[in-house]
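K.L.:
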Amino acid sequence: MRLTPTELDRLQLYLATLLARERRARGVRLNVPEATALIAHAACEAARDGARLAEAVAAARQVLTAADVLPGVPQVLREIQVEAVFDDGTKLIVITDPIPDPEAAQAVPGAILPGEPLAVTFPDPVQVEVTNTGTVAITVTSHFHFFEVNRALAFNRRAAYGRRLALPVGEVTVFPPQSARSVTLTPIGGDRIIIGFAGLVDGPLDAPGQLQTALQRAHVAGYLDTGSRTAQEGTP
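Numbering (the numbering used here), first residue to last: -6 to 229.
Structure follows, in structure tokens:
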């Protein structure tokens, strides 16, 4: 049985969750990795059960309290990000302040302290026209590789390659059924290695021939593409 890197990650998360549950059942207060596993797993399972994005976040925030974890964990663990499979596709779940704690605002070593908001800039943005040809609304999160979004969304896939929505982390854009809208896309940063999503890339974005290979996979799998015939066939 062949498992993708994303599926292996989910299995590792499940194993970490089992260990955290055993320790919690023995009365052991959890550390940061254990608490992270329990909360992230709860969000993924809520999504798998049919919950919407906001409902999955709410379910994750109800998993642990300050009494369940070691001192300082709520202050250190201020945000958890995990990809989950929803009924309408894979989305990034961002859970801020996942462990309610009245003392969370106090400063502890390693804590993230509030400060002045940073200006968010997105270099080299492009605009693409996206049409949802389906019968249900499709939600896309800020850091999803836009090239690989739901196959019912029709747009220029080549123009979207290596890009994400120009939104702050955790925000989403909803594409209503049978309608079109224009969105701004910005380049994916960091090492530009894409793993998971729809499996059209699963590797370095900028590797030689990767764009053409991804376009061919998308075309064979039926992903709608409003680009030129050359883009759909994946030829230079």
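The C-beta atom is built at its ideal place from N, Cα and C for all residues, glycine as well.
All of these numbers come straight from a predicted model, not from anything done at the bench.
Determine whether the beta carbon atoms of residue 67 and residue 86 lie at a separation below 7 Å.
P.N.:
Sequence index remark: in the sequence shown, residue 67 carries index 74 (1-based). Sequence index remark: in the sequence shown, residue 86 carries index 93 (1-based). For residue 67 and residue 86, no; Cβs fall outside 7 Å.
K.L.:
Could you please give the first and the last residue of the uninterrupted alpha helix (DSSP H) stretch that includes residue 26?
P.N.:
By 1-based counting over the sequence shown, the position of residue 26 is 33. Counting along the chain, the alpha helix (DSSP H) containing residue 26 begins and ends at 25 to 41.
K.L.:
Please classify residue 7 as buried or exposed, where buried requires at least 16 neighbouring CB atoms within 10 angstroms.
P.N.:
Translated into the one-based positions of the sequence shown, residue 7 becomes position 14. It is exposed - the Cβ of residue 7 has fewer than 16 other Cβ atoms within 10 Å.
K.L.:
With DSSP as the reference, please indicate the residues paired to residue 175 in a beta bridge.
P.N.:
By one-based count along the sequence shown, residue 175 stands at place 182. Residue 175 is bridged to 122.
K.L.:
What are the boundary residues of the beta strand (DSSP E) that includes residue 48?
P.N.:
Stepping through the sequence shown from its first residue, residue 48 is reached at position 55. Per DSSP, residue 48 belongs to no beta strand (DSSP E); it is in the alpha helix (DSSP H), 46 to 54.
K.L.:
For residue 30 and residue 129, I'd like the C-alpha separation in whole angstroms.
P.N.:
As a working note, residue 30 is residue 37 in the sequence shown. As a working note, residue 129 is residue 136 in the sequence shown. Rounded to whole angstroms, residue 30 to residue 129 spans 32 Å at the Cα level.
K.L.:
I need the DSSP call for residue 185, collapsed to helix, strand or coil.
P.N.:
Sequence index remark: in the sequence shown, residue 185 carries index 192 (1-based). Residue 185 falls in the coil class under three-state DSSP.
K.L.:
Please tell me whether residue 213 has its Cβ less than 7 Å away from any Cβ of chain B.
P.N.:
Of the protein chains in the structure, only one exists, and it is not chain B.
K.L.:
Could you tell me the alpha carbon to alpha carbon distance between residue 140 and residue 172, rounded to whole angstroms?
P.N.:
Mapped onto the sequence shown, residue 140 falls at position 147. Mapped onto the sequence shown, residue 172 falls at position 179. So the two alpha carbons sit approximately 19 Å from each other.
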